[in-house]
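With the working numbering applied, the sequence shown closes on residue 553, and no number is skipped along the way.
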Amino acid sequence: MNPQNIYILAIESSCDDTAASVMCNGKILSNIIASQKIHEEFGGVVPELASRAHQQNIVPVVDMALKKAHIEKSQLTAIAFTKGPGLMGSLLVGTSFAKSLAYGLGIPLIDVNHMQAHILAHFIEEEDFKKPPFPFLAMTISGGHTQIVKVKSYFDMEVIGETIDDAVGEAFDKSGKILGLGYPAGPEIDQRAALGNPKAFQFTKPKVAGLNFSFSGLKTAILYFIQKQVKENPKFIEAHLNDICASIQYTIVGILMDKLKLAVKETGITHIAIGGGVSANSGIRDALKSGEQKFGWTTYVPKFEYTTDNAAMIAIVGHLKYLEGDYAQQNVMASPRLKI
Ligand code: KG4
Ligand code: ZN
């Protein structure tokens with residue numbers, strides 16, 4: 214064993230994915246995720262069921278991450294875990310497990326902010342992926358979060374805009390529910406949008422001052438529109454599904470891009486990194502590419518497996534905090550509302 218090597222075992226359990234990853238010197242050796250299918254039939258995450266599933270999954274997932282990395286527990290340098298934000302019951306499982314394991318092995322324990330991790334996922338050592346230079350803007354978009362963050366250095370970040378109600382992923386998922394699509398609906402809306410006319414139907418964008426977002430009004434507008442149309446034509450949804458999806462996606466992407474343009478204008482920063490499950494959306498990816506051509510932006514999209522909730526992003530924060538000697542105390546607690 215090379216004593217220079219830093220091996221981090223990271224654990225993520227903030228929402229409905231139980232994940233573990235092993236990293237060596239910033240490179241991922243394993244990245245294991247057990248996604249909980251149980252929530253699909255409820256059309257959203259059920260917190261009580263999520264914590265039970267975490268408890269069932271945590272040991273096998275960690276075991277698999279170590280085996281896949283060909284690493285023994287005794288080789289680990291430190292254990293990193295998600296402290297928050299997230300669901301309390303879910304966070305408690307990962308936190309308790311990480312604390313016990315670090316204590317048992319007699320190695321440092323490192324607490325990680327999940328929102329910082331989505332952003333710092335860009336610093337995982339990966340060939341063919343460029344890292345954003347400081348300062349940059351990070352837009353974190355998922356089923357649980359919508360934020361624009363000014364990133365001045367690894368641990369100096371400022372949230373300059375965020376949603377005041379639903380997250381952008383919820384806007385996709387709740388619209389999908391109205392249309393009778395499965396959960397989560399984002400990927401299907403994206404696929405159907407490619408086959409539809411984005412200007413077929415118009416939905417008013419919310420008027421929120423500054424860099425904050427709001428998506429709950431859009432969801433209501435879509436609901437009323439669909440109810441009205443279905444009253445006149447019971448087959449309206451099936452007759453126009455692709456056009457409806459394209460129009461919804463066009464509106465959501467427009468909302469995100471308007472705020473991003475404003476953020477660039479206000480900060481003068483043109484390096485833009487995205488993260489979170491919604492960054493898989495092809496409409497957003499296309500809009501960012503056109504931002505490169507039209508406005509001279511440089512955009513950064515991480516490898517897909519590092520955009521959705523995962524433990525590799527927790528591992529890179531663990532690695533960076535380990536280098537700074539920034540460890541957690543033994544009495545550290547899960548923190549559901551942890552801020553950046
Ligand atoms: O990051 P993630 O896996 O989990 C958290 O919410 O933290 O993100 C899941 C969200 C869901 O709302 C899902 O509908 C959305 O990401 N999503 C997409 C796409 N792929 C996933 N939304 C739009 N287009 C997609 N291609
Ligand atoms: Zn997340």
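Glycine included, each C-beta is placed from N, C-alpha and C at the ideal position.
Do residue i and the ligand KG4 come close, with the Cβ less than 8 Å from some heavy atom?
{"i": "V259", "result": "no"}
{"i": "V491", "result": "yes"}
{"i": "E383", "result": "yes"}
{"i": "N270", "result": "no"}
{"i": "P397", "result": "yes"}
{"i": "S495", "result": "yes"}
{"i": "T480", "result": "no"}
{"i": "P346", "result": "no"}
{"i": "P549", "result": "no"}
Residue i and residue j: beta carbons closer than 9 Å?
{"i": "F342", "j": "Y513", "result": "yes"}
{"i": "Q360", "j": "G374", "result": "yes"}
{"i": "M546", "j": "E225", "result": "no"}
{"i": "S427", "j": "D386", "result": "no"}
{"i": "H267", "j": "G302", "result": "yes"}
{"i": "A247", "j": "V272", "result": "no"}
{"i": "L551", "j": "H327", "result": "yes"}
{"i": "G467", "j": "K418", "result": "yes"}
Would you check whether the ligand ZN has a heavy atom nearer than 8 Å to the C-beta of residue i?
{"i": "S355", "result": "yes"}
{"i": "H358", "result": "yes"}
{"i": "C571", "result": "Here the chain comprises residues numbered 214 to 553, so residue 571 is not present and cannot be evaluated."}
{"i": "H252", "result": "no"}
{"i": "C228", "result": "yes"}
{"i": "D378", "result": "no"}
{"i": "H453", "result": "no"}
{"i": "H335", "result": "no"}
{"i": "D522", "result": "yes"}
With distances taken from CA atoms, which of the options is nearest residue i?
{"i": "C458", "options": "N494, F426, P411", "result": "P411"}
{"i": "P549", "options": "I529, G357, Q268, I320", "result": "G357"}
{"i": "P397", "options": "A247, S429, F255, S226", "result": "F255"}
{"i": "Q269", "options": "L475, T295, I323, D229", "result": "D229"}
{"i": "K432", "options": "Y540, V491, L392", "result": "L392"}
{"i": "L305", "options": "M328, S492, F438, R265", "result": "R265"}
Please return the same chain residues whose Cβ sits closer than 7 Å to the Cβ of residue i, not counting the five positions on each side in sequence.
{"i": "V259", "result": "H252"}
{"i": "K516", "result": "E339, F342"}
{"i": "L436", "result": "I391"}
Suppose the cutoff is 6 Å on Cβ atoms and the five residues either side in sequence are ignored; what does the same chain contact list for residue i look like?
{"i": "S495", "result": "D403"}
{"i": "A486", "result": "H335, P345, F349, A351, Y513"}
{"i": "L222", "result": "V235, L289, I292"}
{"i": "I377", "result": "N425, S427"}
{"i": "G430", "result": "P419"}
{"i": "M470", "result": "A500"}
Counting only the same chain and skipping the five closest in sequence on each side, list residues whose C-beta sits under 8 Å from that of residue i.
{"i": "S460", "result": "G409, N410, P411, K412, A413, F414, Q415, F416"}
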